[in-house]
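Q: Sharing a structure below in structure tokens format, with a few things to ask.
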Amino acid sequence: MKKYLSIFLMVPIFVFSLNINAYSKSVSELNKEKNEIKNKISTSKETLEKSKAEKSSILKEVETLDSNLDKIETELENLQKKLNETKQSLANSEKELKEATEKKEKQYKSLKERIRVMYEYGNSGYLEILLDAKGFTDFFKRIEYVNYIMEYDNELFERYKETEEFIALKVEQIKVEKQNLEVLTKQTESKKKEVEKNIAAKQQMVSNLNKQQAALEQQIKDLQKEDNEITNLINKANQEKVKSTGASNNKIYPSSTGGRLAYPVPAFAGRPYNDVYGYRKNPISGKNELHSGLDLKATYGTDIVAAEDGTVIYSGNRGGYGKTVIIDHGGGLSTLYGHNSKLVVSKGQQVKRGQVIAKAGSTGYSTGVHAHFEVRINGKHTDPAPYLK
């Protein structure tokens, strides 16, 4: 199933390059920013199409699996038939053995009685019968009678021997049939397991494909939804500020060469960034994509602080960003803090520079604990590095 998982991991699920309409930028520049998101969505759709093509290929494998399954089930049916025939043959043999054993007991009793009589009278018994004849006719009749008795005795003995031989043969036959039965039983159980294994493999393949395709489709929806939500969120905050102050808030705050904002992870201030702003290889999808912020070094539960005074305009779970805080600092400047394990501020709350707003974590589309930090000017992301002290 590794190849199916690889399709899933190819999906461009990092959404840090979402952009917001900027009031003071040209239409072409705004369209360029929006196109970044559209390109991500397009890439996801292309991956979805590849997944569908892969599904078609896998369904052919499933058909082959079904064909093999039919063959195995036919073999299983034949084995089961042989198994039933062997069981019936064994039952018949055991019945015949029982009847032969009972017959042997009766023959043995008869033979034993004849031997006893012969032992008691010996050959003189036959002689007395002949000498007691009352004439030639009676004599010859007695000879026939004696011959009949002798033949009967011989026949009785021969039948007894045949019964013994039959019993010995049946005992051996039953032994072989039991061995065959044991072999067939094991083969049948093995085939049943093979059938179950093939059925389970087929179900797993189809299930994985359906899940992967559903996940891809959902991620496309999430990208589109998140783009719209963040755009609306910042635009709404700016509109509310315009209403309350009566002045436009569309100007871009210039980046300061000396930095203006406080470092969001004071415990690791001055440490090298885990990842910088700009195009880089996405650690999850493996594709070259725009990273819309800085990844700052942090350990789980480390304090995340506000980079400047401002108003919290968002505090909650934000798709790929995980648990996120967005602060509006005025003048078109806002900052975003993503992948937190815990949020300690709420929407509408006023915060001060250096105030703890969250705890570091690895929620959302993250490959490890760190603090994702973005600077946005009128909703448009820019490199945060020049703004930090």
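Each residue of the sequence shown is one higher than the one before, counting from 76 in our numbering.
Cβ atoms here follow ideal geometry from the backbone N, Cα and C, with glycine treated the same way.
Because the structure is a prediction, the values reported are computed rather than measured.
#1: Label GLY394 either buried or exposed according to how many other C-beta atoms from any shown protein chain fall within 10 Å of its C-beta, with 16 as the threshold for buried.
#2: Looking at the secondary structure, which residues open and close the beta strand (DSSP E) in which LEU463 lies?
#3: Roughly how many angstroms lie between the CA atoms of ASP297 and TYR338, to the nearest whole one?
#4: What first and last residue would you give for the beta strand (DSSP E) that runs through TYR396?
#5: Could you have a look at VAL551 and say whether DSSP puts it in helix, strand or coil?
#6: Quick one: grab the DSSP three-state call for GLU230.
#7: In terms of residue numbering, what span does the beta strand (DSSP E) encompassing THR438 cover?
#8: Could you name the residues of the same chain whose beta carbon sits closer than 6 angstroms to that of ASP458, not counting the 5 residues immediately before and after it, in chain order?
#9: Express the C-alpha separation of TYR375 and ASN96 in angstroms, rounding to a whole number.
#10: Are ALA381 and GLN430 touching if we call contact CB-CB under 8 angstroms?
#11: Taking the beta carbon of THR139 as the centre, do at least 16 other beta carbons fall within 10 Å, making it buried, or is it exposed?
#12: If TYR348 and LEU365 are in contact, beta carbons under 8 angstroms, what's the gap, nearest whole angstrom?
#13: Using the three-state DSSP reduction, which class does GLU449 fall into: helix, strand or coil?
#14: Which whole-angstrom value is the C-beta distance of SER168 and LYS245, which I expect to be below 8 angstroms?
#15: Could you tell me which residues DSSP pairs with ALA433 in its beta bridges?
#16: Could you check if THR161 is buried or exposed, using at least 16 other CB atoms within 10 Å of its CB as the buried criterion?
#17: For GLU383 and PHE343, what's the separation of their Cα atoms in angstroms?
#18: Tell me the residue span of the beta strand (DSSP E) that contains THR457.
#19: Alpha carbons only, please: which of VAL251, PRO341 and GLU177 is nearest the one belonging to THR238?
#20: Report the option in LYS115, THR410, HIS447 and GLN155 whose CA atom is closest to the CA atom of ARG335.
#21: Name the two residues that bound the continuous beta strand (DSSP E) containing ASP370.
#22: GLY443: which of TYR462, ILE388, ASN255 and ALA373 sits nearest, CA to CA?
#23: From THR122 to LYS115, what distance separates their C-alpha atoms?
#24: Quick one: is GLU180 buried, meaning 16 or more other Cβ sit within 10 Å of its Cβ, or exposed?
#25: Tell me the DSSP secondary structure of THR118 in three-state form.
#26: Where does ASP384 fall in DSSP's three states?
#27: Taking DSSP as the reference, what is the three-state secondary structure of VAL426?
#28: Can you look up LEU105 in the DSSP assignment and give me helix, strand or coil?
#29: What does the alpha-carbon distance come out to for the pair GLY405 and ALA289?
#30: Let me make sure I understand the geometry here. Which of VAL340, GLU152 and ILE249 has the alpha-carbon closest to that of LYS170?
#31: Give me the Cβ distance between SER437 and HIS456, rounded to the nearest whole Å; I'm assuming they're in contact under 8 angstroms.
A: The relevant details are as follows:
#1: Residue 394 sits at position 319 when you count from the first residue of the sequence shown. GLY394 is buried by the Cβ-count criterion.
#2: By 1-based counting over the sequence shown, the position of residue 463 is 388. According to the DSSP assignment, LEU463 belongs to no beta strand (DSSP E), since it is labelled neither H nor E.
#3: To locate residue 297, count along the sequence shown from 1; it is residue 222. To locate residue 338, count along the sequence shown from 1; it is residue 263. Cα to Cα, the separation comes out at about 30 angstroms.
#4: Against the sequence shown, residue 396 aligns to sequence position 321. Annotation: TYR396 is outside any beta strand (DSSP E) and is labelled neither H nor E by DSSP.
#5: The requested residue 551 does not occur in the structure, where the chain is confined to residues 76 to 464.
#6: Here residue 230 refers to the residue found at position 155 of the sequence shown. Helix, per DSSP.
#7: Start at 1 with the first residue of the sequence shown, and residue 438 comes out as number 363. Taken as a continuous stretch (DSSP letters only), THR438 belongs to no beta strand (DSSP E), as it is neither H nor E.
#8: Residue numbering aside, residue 458 sits at position 383 when the sequence shown is read from its first letter. Closer than 6 angstroms at the Cβ level, and outside the excluded window around ASP458, lie TYR352.
#9: As a working mapping, residue 96 is identified with position 21 in the sequence shown. As a working mapping, residue 375 is identified with position 300 in the sequence shown. Any reading at ASN96 must be qualified, since the residue scores a pLDDT of 40, below 50, and its modelled position is unreliable; no value is offered.
#10: Your numbering for residue 381 matches position 306 in the sequence shown. Your numbering for residue 430 matches position 355 in the sequence shown. Taking 8 angstroms as the cut-off, the Cβ atoms of ALA381 and GLN430 count as close.
#11: Here residue 139 is taken as the residue at index 64 of the sequence shown, counted from 1. Exposed.
#12: For the purposes of this step, residue 348 is taken as the residue at position 273 of the sequence shown. For the purposes of this step, residue 365 is taken as the residue at position 290 of the sequence shown. Incorrect: roughly 16 angstroms between the Cβ atoms, too far for contact.
#13: The residue you call residue 449 lines up with position 374 of the sequence shown. Note: GLU449 maps to strand in three-state DSSP.
#14: Locating residue 168 in the sequence shown gives position 93, counting from the first residue. Locating residue 245 in the sequence shown gives position 170, counting from the first residue. Indeed they touch by this definition, with Cβ atoms about 6 angstroms apart.
#15: Here residue 433 is taken as the residue at index 358 of the sequence shown, counted from 1. Answer by DSSP bridge pairing, in chain order: ILE379 and LEU418.
#16: Here residue 161 refers to the residue found at position 86 when the sequence shown is read from its first residue. Residue environment analysis places THR161 among the buried positions, since at least 16 neighbouring C-beta atoms fall within 10 angstroms of its C-beta.
#17: The residue labelled residue 383 in the question sits at position 308 within the sequence shown. The residue labelled residue 343 in the question sits at position 268 within the sequence shown. Cα-Cα distance, rounded: 18 angstroms.
#18: As a first step, residue 457 is located in the sequence shown; it is residue number 382 there, counting from the start. 455-457 is the extent of the beta strand (DSSP E) around THR457.
#19: Within the sequence shown, residue 238 is the residue found at index 163, counting from 1. When VAL251, PRO341 and GLU177 are compared, the shortest CA-CA separation from THR238 is found for GLU177.
#20: As a first step, residue 335 must be located in the sequence shown, where it is residue number 260. Ranked by Cα distance from ARG335, the first of LYS115, THR410, HIS447 and GLN155 is THR410.
#21: Mapped onto the sequence shown, residue 370 falls at position 295. Segment 369-371, the beta strand (DSSP E) holding ASP370.
#22: Within the sequence shown, the letter at position 368 stands for residue 443. Closest in alpha carbon position to GLY443, among TYR462, ILE388, ASN255 and ALA373, is ALA373.
#23: On the sequence shown, position 47 is the one that residue 122 refers to. On the sequence shown, position 40 is the one that residue 115 refers to. Going by the C-alpha atoms only, they are around 10 angstroms apart.
#24: Stepping through the sequence shown from its first residue, residue 180 is reached at position 105. GLU180 sits exposed, since fewer than 16 C-beta atoms from the chains shown fall within 10 Å of its C-beta.
#25: Taking the first residue of the sequence shown as 1, we reach residue 118 at position 43. THR118 falls in the helix class under three-state DSSP.
#26: As a first step, residue 384 must be located in the sequence shown, where it is residue number 309. ASP384 falls in the coil class under three-state DSSP.
#27: Locating residue 426 in the sequence shown gives position 351, where the first residue counts as 1. When secondary structure is reduced to three states using DSSP, VAL426 falls in the strand class.
#28: Against the sequence shown, residue 105 aligns to sequence position 30. Bear in mind that a pLDDT of 49 at LEU105, under 50, signals an unreliable position, so the model cannot answer this.
#29: The residue you call residue 405 lines up with position 330 of the sequence shown. The residue you call residue 289 lines up with position 214 of the sequence shown. The alpha-carbon atoms of GLY405 and ALA289 are separated by roughly 40 angstroms.
#30: Indexing the sequence shown from 1 puts residue 170 at position 95. Of VAL340, GLU152 and ILE249, the residue nearest in Cα terms is ILE249.
#31: Translated into the one-based positions of the sequence shown, residue 437 becomes position 362. Translated into the one-based positions of the sequence shown, residue 456 becomes position 381. Contact between SER437 and HIS456 is ruled out by a C-beta separation of about 21 angstroms, above the 8 angstroms threshold.
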